[in-house]
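Start counting at 1 in the sequence shown, then tack on 2, and there's your number in our numbering. Quick reminder that beta carbons are idealized off the backbone N, C-alpha and C, glycines included. In what follows, a single structure is set out as structure tokens and then discussed.
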Amino acid sequence: MTAIPFLYSMPTRIIHGPGSLGRLGEEAGLLGLRRVLLVSDPGVRKAGLVERAQEPLQKAGIAASLFTEVEENPCMATVRRGYDLLRAERLEGVIVIGGGSAMCAAKAIALLGSNGGEISDYEGVGKFALAPLPVIAIPTTAGSGSEVSQSFILTNEVRNDKFTVSGPTNFPSMAILDAELLMSVPPRVAVFAGLDALSHAVEALWAKGATPITEALALAAIRSIFANLRRASFSPDLAAKDAMIVASSMANMACGNSGLAIVHAIGRFIESRYHYPHGQVNGVLLPIGMDFNRPVCARQFSAMARGLSTRAGDGAETEERLADRAAGLVRDLMRANDFALTFDLRPPAAELRQMAEATERYPMTARNARAVTAADAEAMLRAAFGM
Ligand SMILES: [Fe+2]
Numbered sequence: 003m004t005a006i007p008f009l010y011s012m013p014t015r016i017i018h019g020p021g022s023l024g025r026l027g028e029e030a031g032l033l034g035l036r037r038v039l040l041v042s043d044p045g046v047r048k049a050g051l052v053e054r055a056q057e058p059l060q061k062a063g064i065a066a067s068l069f070t071e072v073e074e075n076p077c078m079a080t081v082r083r084g085y086d087l088l089r090a091e092r093l094e095g096v097i098v099i100g101g102g103s104a105m106c107a108a109k110a111i112a113l114l115g116s117n118g119g120e121i122s123d124y125e126g127v128g129k130f131a132l133a134p135l136p137v138i139a140i141p142t143t144a145g146s147g148s149e150v151s152q153s154f155i156l157t158n159e160v161r162n163d164k165f166t167v168s169g170p171t172n173f174p175s176m177a178i179l180d181a182e183l184l185m186s187v188p189p190r191v192a193v194f195a196g197l198d199a200l201s202h203a204v205e206a207l208w209a210k211g212a213t214p215i216t217e218a219l220a221l222a223a224i225r226s227i228f229a230n231l232r233r234a235s236f237s238p239d240l241a242a243k244d245a246m247i248v249a250s251s252m253a254n255m256a257c258g259n260s261g262l263a264i265v266h267a268i269g270r271f272i273e274s275r276y277h278y279p280h281g282q283v284n285g286v287l288l289p290i291g292m293d294f295n296r297p298v299c300a301r302q303f304s305a306m307a308r309g310l311s312t313r314a315g316d317g318a319e320t321e322e323r324l325a326d327r328a329a330g331l332v333r334d335l336m337r338a339n340d341f342a343l344t345f346d347l348r349p350p351a352a353e354l355r356q357m358a359e360a361t362e363r364y365p366m367t368a369r370n371a372r373a374v375t376a377a378d379a380e381a382m383l384r385a386a387f388g389m
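Right under this line is the structure:
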């Protein structure tokens, strides 16, 4: 990292703290919202969190129309239904309470709210003319960081593939980080989400767009995830959950500006084909990607290992020796959280080769610090499937 000029942008207003959901009404009022679409998914609604979001809105006299049918990996038809409701009721903005899937759908609905058309028209970066309607994002898992991201990912059910829409005006207007909303997340879901956040932070260390700002955010997020993932996932410890929800936002504030690289690139093809959860896919791929990138990441990995160190004498270790330790620390963290380091499937060799070739061509792959050939990607895929 040198004095290469860069741009850093993250304009989302963050309201943080246990109980901060209670401020939703006044914060929505600051945006001038009187009639909103409240987006969520059936699980979050069943957990009673949609009702908890409605209370402060009612108190502030803000009318909310409910759209709580967002599925995991939301498709274009779901976005269309949400948009139809928004348009029919002439709503002014979108509030979303949920995980990464609900947040992606909500951001897509807000984009259509000002631009119209079909959501697939806007695939890519900056393909839309008008800023989306205001979005207030309230995450109920600590993982995607979508609440502070200018991107969203949808499933194109016609192509059976995922696509990304991104643009500098696509950030939510506000994010409310209230760890009390994480209380009912099952441990396995919390671990997957936390490892997605960890993969965002580590990818931010090696993506070609890394800057001093993204690296600082990433290293701080990594330290916090290591310190809090287990307690946050397996116990009702509010302080640990609070640390995780802040760390997941910080991880996305890093990768949202540095870009993502090989882990998310390969992961995209595994997710589309075998439908493993996003966090599980990136978790499995993360230490494998670290092994691959180790030759070009001594400085970043040694900083990471030093930040995680609890051993006396590490201060005297060479950069190379510290860097060698980083991937092992990630594997230790995963084992401590009952996370399987490989997938249970054993795909045919031809499928691995197809995915490897697609990875080599995928633009995100070119953002990786070390050049990735199809043969490299195939070796990483084999490792991920335990082959
Ligand atoms: Fe991710």
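Three-state class that DSSP yields for K210 in the structure shown: coil
According to DSSP, residues forming a beta bridge with N162: In DSSP, N162 forms no bridge with anything.
At least 3 beta-carbon pairs within less than 8 Å: the stretch 230 to 240 vs the stretch 187 to 196: yes
Given 8 Å, three or more beta-carbon pairs between the stretch 174 to 184 and the stretch 238 to 252: yes
C-alpha distance - I121 paired with V167, whole-angstrom precision: 9 Å
Contact check, A220 vs L231, beta carbons under 8 Å: no
For I247, the first and last residue of its enclosing alpha helix (DSSP H): L240 to S260
Alpha-carbon spacing of I264 relative to C299, whole angstroms: 14 Å
The stretch 196 to 215 / the stretch 38 to 49 touching (three or more Cβ pairs under 8 Å): no
Length at least 3, wholly inside the stretch 304 to 347: the beta strand (DSSP E) runs in chain order: none
Where K210 falls, given that 16 or more other Cβ within 10 Å makes a residue buried: exposed
Validate contact between the stretch 111 to 128 and the stretch 51 to 59 using beta carbons, cut 8 Å, 3 pairs: no
Chain D contact for A300 (CB, 8 Å cutoff): Absent from the structure is chain D; it holds one protein chain and no more.
Buried versus exposed, by CB contacts within 10 Å (16 or more), S146: buried
Secondary structure of A35, DSSP reduced to three states: The amino acid occupying residue 35 in the given sequence is Leu; Ala does not appear at that position. Correct three-state label for L35: coil.
Short Cβ contact (8 Å threshold) for A267 with T367: yes
R138 versus P350: straight-line alpha-carbon distance, rounded: Position check: residue 138 holds Ile in this sequence, whereas Arg was assumed. Distance between the alpha carbons of I138 and P350: 44 Å.
6 Å Cβ shell around E74 - same chain, five flanking residues per side excluded: S103
Integer Cβ distance of Y10 from N172, believed to fall under 8 Å: About 16 Å; that fails the 8 Å criterion.
Distance cut-off 7 Å: N284 Cβ against heavy atoms of ligand 1: yes
heavy atom of ligand 1 below 7 Å from S168 C-beta: no
Bridge-paired residues (DSSP) for G126: V167
Member of C106, D326 and A245 whose CA lies at the smallest distance from the CA of P20: A245
DSSP-derived helix/strand/coil call for A177: strand
H202 CB to nearest heavy atom of ligand 1 below 7 Å: yes
Reference E125, options L288, R92, I224 and Q152, closest by Cα: Q152
T143 in three-state terms, based on DSSP: coil
Residue from A360, S226 and V127 whose Cα sits closest to the Cα of V374: A360
CB of L343 within 8 Å of CB of E380, strictly: no
Every unbroken beta strand (DSSP E) within the stretch 25 to 107, with a cutoff of 3 residues, ordered by chain: 37 to 41, 65 to 69 and 95 to 100
Straight-line gap, M292 to K129 (C-alpha atoms, nearest Å): 33 Å
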